[in-house]
Structures are given as structure tokens and as C-alpha cells.
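When you line the sequence shown up against my numbering, it's residues 1 to 418, in that order.
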Amino acid sequence: MRSSQSQLRVAYRTPHLPNLRRRVNPFATPASSSLPTITNARNPIRQRPQPQLVADLSSKSSKPSRLKASLPLPNTLNHQSVQIRRTRRERRSENSSTRLWILIIRLLIVGIGLGAIAGTVLSSLGTASQPSTKTTDNAPIEVQQSLSQTISSQLTPLLLNKSPLQKQIQTLVKQHPQLQPGIFIHDLDTGAFLESNSRLIFPAASTIKLPILIAFFQDVDAGKVLLDEYITMKPEMIAGGSGNMQYQKPGKQYKALEVATKMITISDNTATNMLIERLGGIEVLNQRFRSWGLKKTVLRNPLPDLPGTNTTSPRELASLIFNLEQGKWISPQSRTDLIDIMIQTKTNTLLPQGLGNGATIAHKTGTLGRLLADVGLVKMPNGKRYIISVMVKRPFNDASAEKLIRTISRQVYDYFNN
């Protein structure tokens, strides 16, 4: 018995079992078909074989070669367990490293996302004072988000479209289906504005004289023109229509400031043509207008331009006054002189008729057979200031256009007064 146990221990310590060092693929099908199995009719399951020690103990032979072992030797088991532990540690290290990289990538993604969100918020805040300029020229009266950024970038739109003023003007316009009005109203104290068809192109008539006057004072500020210099009235400059300079003999000289004043106060067409030439001509002035951001205000012919080829829009006329109020383009002294000239406008049958007592208006009118217009800066007795620009396409000499402009002026004044 002891001999058999001794033989067993000797065989158990035999180190030469090379097949035990081969790594086993846990997903591979076992090569041996002699493994015991438990068969289930519904779900066959292969049962893992139990370790066995096969030894021929009944044999009296002392040869250890007859001993067969199906279990690994202890030394081999220890070696494999060390390898397994090392593999597990390596896998844990790899998993930890992978998780660390994943965490870093996630943090980077979150950081980029937060940065994008912050940039969007800051961009939105930065453009809050420059809302969108999308509009439809033929849309009903509504509050648009802003004027062109080049023309005016400081507007803060308010909900004038929810005010009684919007409904009143809509009702009024519907009562005159034969007329096509373009309207722009801008509250200088709050930034709110209301418009209807304000981007449509209209014949400018004498309203084209307003941007010419601004260009004149720009050249005065630049030293290109002197207020007291003399300008000679040439024969080709004399024009019919508005004004009294046409009745003077050619060659008569006028001081530059007097010519500019007559161009506005009595809408003198001859004075306008004299200034157009003095400032460099039609194309030079159009380049100036474009540099201000004007796209629809174009000078094509000298005055009186009865066919209406010179063009502008209610919105762009209002933008001229707005920019002057913002201190752009001309010096404070020139602005004061310009406003004083516009206050002296003699034709007071349109916008001024809608104002209350004590109010003042610096404005410029325009009249053709098929157009009537007036644009101005109103200052109320309570200190309230607003810009109003109304242009009306009409059947030839239709007097209802004049009534429409006066009524709109009254409604706007009453709204701001209350």
C-alpha cells in the first residue's frame, strides 16, 4: 500500500506534461468527443468533466509509466495561476487606461459643447441690438426687426404692431384702395418703429434734395465748399417747376449757403441743379449715397425730373434723419444748420397739418403728378421725438393722397402724445 502511494506521489510530481502549457480558447469546440455529456431533450447542455486521476492500482507492477493523470501537476497549476493573475492585472491596467482615455475624450467633448453654447449665447447678446432685417415689401403694417446695419445699427424694436396705432393706420389705408402708401415711423426715444411697404422704391421727386443737402454739409466740413463762396447760375442749370431762381438772368451768383437753403425751403429746382454740379455731378453723388448704405436712393437726372427717374424709399429717407440724429456724417454745427434749414420748409400742407400746438418739424416734401411725399423729424412739446416718412403713389393729382398723409401724421402724433 505504501509502495502504491509512493508511486502515486512520484507520478504526481512528474513535470513533463507539455500539453498542459497550451492555451485554451474558451470559444473553441473541444477536440475530444469522449467528454461526458448530459443530454436534455429541449436544451442540450454539455457538462464540464470532473478532474480524474486514472491509475492502475490493481497492478502489482512498480513502473510509474502505467500511471495516467488527467489533472495538472501542482507546480504547473501555480505557474498557470501566476500567468492568469498577470493577465488579469494587465487587462485591468488596460481597462483602466482605456476608461481614463474615454473619460478624457468625454470631458473634451463636453468642453467643446459648452464652448459652442457659450459662443452662441455671446453672439446672440452681441446682436441683440442688431436684429434681423428680413421683411417683405408688400407685407401689412408690422414691426420689423431692424434697419440695415449700415444705415442704422442702434435700434431696439418694441411691439408697436400690438398698439392701437397699427390698427388705426391699417384701417385708414384700407379706406383708400386706389393709393399705395409706404410708411416708416421711428420713435427715437425708445427705438421702436413701425413700417408698411417702407422698402418699396418710389419716385423721389424733391425728397432727393435731402441727401444732396447732407452731401453739401459734408463737403463744407471737409473744406471742399465754403458757405460764403459764390456759385454761378449757368443757363443749363435753370429748371422750371418749384422755386424762383429760374426767373433770374443766367450768370447771377449766389452764396453757397443761400443756394442750399433755397433748395430745401422753397424746393428750388434750379438751386438743386447748381449744387449737383458744385458737388461733383450725379455719379459722384450716387457714390456718396452708396457709401452711406443707400441702395434705392439714386440720382439719375437733374431736376425737375417729371418722369420720376430719381428714386428712393420711405425707409432710406428715414434712415438719413436717423443717422444725423446719431451724429454721423456731418459735424454737430453742420447738423444744427441743416435742421434749421429744414424747419423753414414753406410747404406745410402735409405732415405739419397733423401736429399739435407747440410741436416742431424739420421736413422735406416731394410732389409729382403720381406721387406725394413728406419726411421729417418731429419734436413734441413734451420732448418726445420721432421720425415719420410717408410716400404715396396715387392716380394723377389725386387729392386723397394729401388727406391720407395728414391723417397718418395726426394718428402718429396722438399716439405718442398719449
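Note that beta-carbon positions come from the ideal geometry of N, C-alpha and C, so glycine has one too.
Quick check on residue i: does DSSP put it in helix, strand or coil?
i	result
Ile-38	Model confidence at Ile-38 stands at a pLDDT of 39, short of 50, so the residue's coordinates are unreliable; what they give is reported in the following sentence. Strand, per DSSP.
Lys-393	strand
Thr-190	coil
Gln-253	strand
Ile-361	strand
Gln-333	helix
Ser-242	coil
Ala-373	strand
Glu-195	strand
Gly-354	helix
Gln-180	strand
Pro-164	helix
Leu-275	helix
Thr-367	strand
Lys-379	strand
Ile-201	coil
Ile-266	coil
Thr-345	coil
Asn-417	helix
Looking only at its chain, what residues have a beta carbon closer than 7 Å to the beta carbon of residue i, apart from the 5 residues adjacent to it on each side?
i	result
Ala-271	Gly-243, Met-245, Val-259, Lys-262, Met-263
His-186	Phe-193, Ala-318, Phe-322, Tyr-386, Ile-387
Lys-384	Asp-189, Phe-416
Pro-235	Pro-250
Lys-346	Thr-265, Ile-266
Pro-302	Ala-239, Asn-273, Ile-276
Pro-352	Ile-361
Ile-405	Leu-350, Leu-351, Leu-372, Asp-374, Val-390, Val-392
Val-220	Leu-227, Ser-334
Lys-328	none
Trp-101	none
Arg-288	Ala-215
Gln-248	Met-233
Asn-286	Val-298, Leu-299
Pro-320	Residue identity differs from the one stated: residue 320 is Leu in this sequence, not Pro. Leu-210, Pro-211, Ile-214, listed in sequence order.
Residue i and residue j look like a contact to me (Cβ under 8 Å); what is the Cβ gap, rounded to whole Å?
i	j	result
Thr-365	Leu-350	6 Å
Leu-179	Val-375	Incorrect: roughly 17 Å between the Cβ atoms, too far for contact.
Phe-217	Asp-337	7 Å
Glu-277	Met-237	7 Å
Ile-330	Ile-214	7 Å
Ala-204	Thr-311	5 Å
Leu-324	Arg-315	Incorrect: roughly 15 Å between the Cβ atoms, too far for contact.
Gly-356	Asn-418	Rounded, the Cβ-Cβ distance is 11 Å, inconsistent with contact.
Pro-454	Ala-359	An answer regarding residue 454 cannot be provided, because it is not within the stretch 1 to 418 covered by the chain.
Could you name the residues of the same chain whose beta carbon sits closer than 8 Å to that of residue i, not counting the 5 residues immediately before and after it, in chain order?
i	result
Pro-304	Ala-239, Gly-240, Gly-241, Ser-242, Asn-269
Gln-411	Leu-165, Gln-168, Ile-169, Leu-172, Gly-354
Tyr-230	Gln-253, Tyr-254, Lys-255, Ala-256
Ser-313	Gly-182, Ser-198, Arg-199, Leu-200, Ile-201, Phe-202, Lys-296, Thr-297, Met-391
Lys-403	none
Lys-379	Ala-359, Thr-360, Ile-361, Arg-385
Gln-344	Thr-261, Ile-264, Thr-265
Thr-407	Leu-172, Gly-354
Is there a Cβ of chain B sitting closer than 8 Å to that of residue i, yes or no?
i	result
Thr-347	Structure shown: chain B not included; a single protein chain is present.
For residue i, which residues of its own chain have a beta-carbon under 6 Å away from its beta-carbon, when the five flanking residues on both sides are left out?
i	result
Ala-399	none
Asp-414	none
Asn-397	Gly-369
Gly-308	Pro-203, Leu-368
Is the number of C-beta pairs between the segment 297-313 and the segment 196-208 that are closer than 8 Å three or more? yes
At 4 residues or longer, and completely inside the segment 280-329: list those alpha helix (DSSP H) runs for me, N to C. 282-291, 314-325
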